[in-house]
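Please read the structure below before turning to the comments.
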Amino acid sequence: MVSCPRGACQTGTRGPATDTPDGGRRARRASPGVSAPRPSVRRVPPSSAALGYQQVSIEELGTPLSQVTFVVVDLETSGGSPKDSAITEIGAVKVRGGQVLGEFQTLVDPGHEIPPYISVLTGITSMMVATAPRIDAVLPAFLEFAHGAVLVAHNAPFDLGFLKAACAGSGIPWPGPASVDTAVLARRLLSRDEVPNCKLGTLAPFFSASTSPTHRALDDARATVDVLHGLFERLGPLGVTTLEELTGITRQIDPERRKKRHLADGVPSGPGVYLFRGPRDEPLYVGTSGDLRSRVRSYFSSSEQRSRITEMVGLAQRVDTISCAHTLEAAVRELRLIAEHKPRYNRRSRFPERALWVRLTEEPFPRLSVVRRVRPDAGVFLGPFPDRRAADAAVAAVHEALPLRQCTTRLSPRTPVGDCVLAGMGRCGAPCTGAQSVIEYADIAAVFAAAVSHDPRPLMAPLLDRVDRLAAEERYEDAAVLRDRIAVLVRAVRRRQRLESLAAVPELVLARPDGSGGWELSVVRHGRLVSAGTAPRGTTVRSVLPGLLMTAETLPGTDGAPTTSVDETELVLRWLEKPGTRLVQLTGTLASPAPGTGAYSGFLDRVEAGHTQRDPFADGRSLGTRARPERIASPA
């Protein structure tokens, strides 16, 4: 409980007190038998200048900022995402015309233990919230407190995201109030010469806030109020005096971009691919969308704030579109076009040929080698890997488990040479000296080959045992490094097995509901999408399928060679594994190895969880916003 300033607070004993439209107070009767603490709402009497005020609707054009009621809210949570975390504290301050009208504060039981690093950061422990109300009991009181007001938060997507998720989980409709993000506003109004960043802890002292942020909800909300008022002072000289001007200040459209709006004329609706073309008709950017018309138009609106895309739109002279049957076909066409044209403003999938692979060389004493390309008959290989670091990590993990040689000299079983340092350390069987025969060495290499193709257990077991031993010896840094290497290896093996299972299927016909009573159809051969279509409502899949198969792309004899890129096959796999996808027709067998990598899914989940808690003293809430508008220069 935060103490009331100057004794002006009033507290009720029968339940959380709330503001009423006539300026009075209303107490709700507490549920019988419930001893949990209730949210506290503090009301500060308005000044005489504020008496007799009649609020104008926030939807009315030109509402002066001095007449708008703002509720500045801050949350403390048990983690960084509403998917696996929950609210632990709500703090809010209601202000209008520079006057504080009321405050709201309560702890919230998240329903699970609060991680220790969160307790270190916020000071909120599991014991503190043990008797606090759950979020479904708190939300109605908070929403009543904030009713009719504009919500303000610093990094609003974080706080509003948790509130929306809480409403959804409690079965309460989200009221959809107008909102203001002080982080975005600060980026527009302040320069780097004034503040190095736009974190609340930086802005509060800059604006001489009366309350310092402490990672407690009410303190941070009070500090945000002072930051908001400080930013309002910056808006005055710019002529921004109304709510509509405030909400539009981060949505201003560059005049040059506005001139390009005509490029979106005639763009069809529905799924497909779009290509922005430059002065020489060269593809500048390739993208995909489930609604081409809406997506292309967004490039000429204030919602698109990426600097490189802004530059691209400035160069664009034409937009070409390709309508597709459904989103899978659109995504596949996008990948193929990016790989073909390599547009300079696309970042992903431009160079699929640069992928890295780990290959077991073909020689009497094979070793692991990182290569750019692999032939279909190259023997045992693993990948692809996104970069050299990942490939090296997987190789290092294998070397931890298997005494494969690491030297690059080509060895002959008939010509022994001197041993190396690794042999003296017991990390290599020293085939170079003749201490290990070709057959004995082949047994070791076969463990890696089996792990890649079907059974990773003999390779993974010694690695996981070593992690446990390192942790038992309190060598936590070494254990974490090895754990991360194992995770890279497991992901690579899983990826390889999944890709091979689909690439081995001669033909596969898939169907997914389109949401309107019809079906989206895909024909896949050896992991490549060769035909796509739809069966609209009122028609059957069987009546459409013959036409799809007749017009499907014919693949040449594969002989084990890849028929498409790895990225395309993975797109098809994700579409296949979505809930609701039906298998219409199958030629061949679609199966994964029984002793495959599925048993290590829990291990990978724990690794991901460990990464999110790597720095227990860092504030995990990012100040990145969806919109990154340019700053407004103050008038001379």
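Just so we're aligned, residue 434 is where the sequence shown starts under my numbering, counting upward by one.
We put the CB at the ideal spot given by N, CA and C, even for glycine.
Owing to the predicted nature of the structure, the values given are computational and were not obtained by experimental measurement.
Expected contact under 8 Å - CB spacing of residue i and residue j to nearest Å
i	j	result
Thr521	Thr510	6 Å
Ala824	Arg918	11 Å between Cβ atoms; not a contact.
Pro819	Ser998	Incorrect: roughly 14 Å between the Cβ atoms, too far for contact.
Ala757	Val706	According to the sequence shown, residue 757 is Cys rather than Ala. Indeed, because the Cβ distance is near 7 Å, the residues count as touching under 8 Å.
Arg760	Pro704	First, the amino acid is wrong: residue 760 is Thr here, not Arg. Right, their Cβ atoms sit about 5 Å apart.
Thr564	Glu677	Thr564 to Glu677, Cβ: 44 Å. No contact.
Val541	Pro515	Not really, about 13 Å apart at Cβ, beyond 8 Å.
Ser782	Asp1000	6 Å
Arg970	Gly950	3 Å
Ser722	Arg728	3 Å
Neighbour-count burial assignment, residue i, 16 or more Cβ in a 10 Å radius
i	result
Val900	buried
Trp952	buried
Leu1019	exposed
Glu627	exposed
Arg529	buried
Tyr1033	buried
Ala1027	exposed
Trp607	exposed
Gly466	Reliability of the predicted coordinates at Gly466 is poor, the pLDDT of 37 falling under 50, and the value obtained from them is presented with this limitation in mind. Classification for Gly466: exposed.
Ala656	buried
Arg821	exposed
Ser518	buried
Pro1049	Note that Pro1049 scores 49 on pLDDT, short of 50, meaning its location in the model is unreliable; the coordinates nonetheless yield the value given after this. Flag for Pro1049 reads exposed.
Asp592	buried
Ala879	exposed
Endpoints, the beta strand (DSSP E) within which residue i is located
i	result
Phe814	814-818
Phe537	532-540
Asp901	Note, Asp901: premise wrong, no beta strand (DSSP E); alpha helix (DSSP H) at 890-905.
Lys1011	Element bounds for Lys1011: n/a, residue is neither H nor E.
Ala525	520-529
Pro716	716-722
Phe709	705-710
Arg800	Unbroken run through Arg800: none, as it is neither H nor E.
Glu953	952-958
Ala586	583-586
Ser612	612-614
Leu508	502-510
Alpha helix (DSSP H) segment containing residue i, residue limits
i	result
Tyr909	909-936
Lys597	589-603
Arg625	Where Arg625 is concerned, there is no enclosing alpha helix (DSSP H), given that its DSSP letter is neither H nor E.
Arg945	Careful: Arg945 lies outside any alpha helix (DSSP H), inside the beta strand (DSSP E) at 940-946.
Ala968	It is not in any alpha helix (DSSP H) - Ala968 instead sits in the beta strand (DSSP E) that spans 961-968.
Glu795	First-last for Glu795: undefined, no H or E at that position.
Asp652	650-668
Phe784	Phe784 -> no alpha helix (DSSP H), and no H or E assigned at all.
Asp753	No alpha helix (DSSP H) holds Asp753; the beta strand (DSSP E) holding it covers 751-756.
Phe575	568-578
Glu833	821-834
Gly1080	Here the chain has residues from 434 to 1069 only, and residue 1080 is not among them.
Ala1072	There is no way to answer for residue 1072, as the model of the chain reaches only from 434 to 1069.
Val700	Counting along the chain, Val700 falls outside any alpha helix (DSSP H), and DSSP gives it neither H nor E.
Proximity of residue i and residue j at Cβ, strictly below 7 Å
i	j	result
Arg945	Gly1013	yes
Leu815	Val923	no
Leu661	Thr615	yes
Val700	Leu584	no
Leu844	Phe798	yes
Gly524	Ala697	no
Arg860	Arg800	no
Arg691	Arg751	no
Gly862	Pro895	no
Leu664	Leu618	yes
Ser603	Asp569	yes
Leu793	Val765	no
Thr502	Ala582	yes
Val1040	Ala920	yes
### Task
Check whether the stretch 571-579 touches the stretch 552-560, taking contact to mean three or more Cβ pairs, one atom from each stretch, closer than 8 Å.
no
### Query
Below 8 Å, can you find three or more Cβ-Cβ pairs linking the stretch 957-964 to the stretch 999-1008?
yes
### Message
Check whether the stretch 887-896 and the stretch 963-977 are in contact - that is, three or more C-beta pairs closer than 8 Å.
### Response
no
### Message
Three or more C-beta pairs under 8 Å: does that hold for the stretch 631-643 against the stretch 592-604?
### Response
no
### Query
Would you call the stretch 873-883 and the stretch 901-910 in contact, with 3 or more CB pairs under 8 Å?
no
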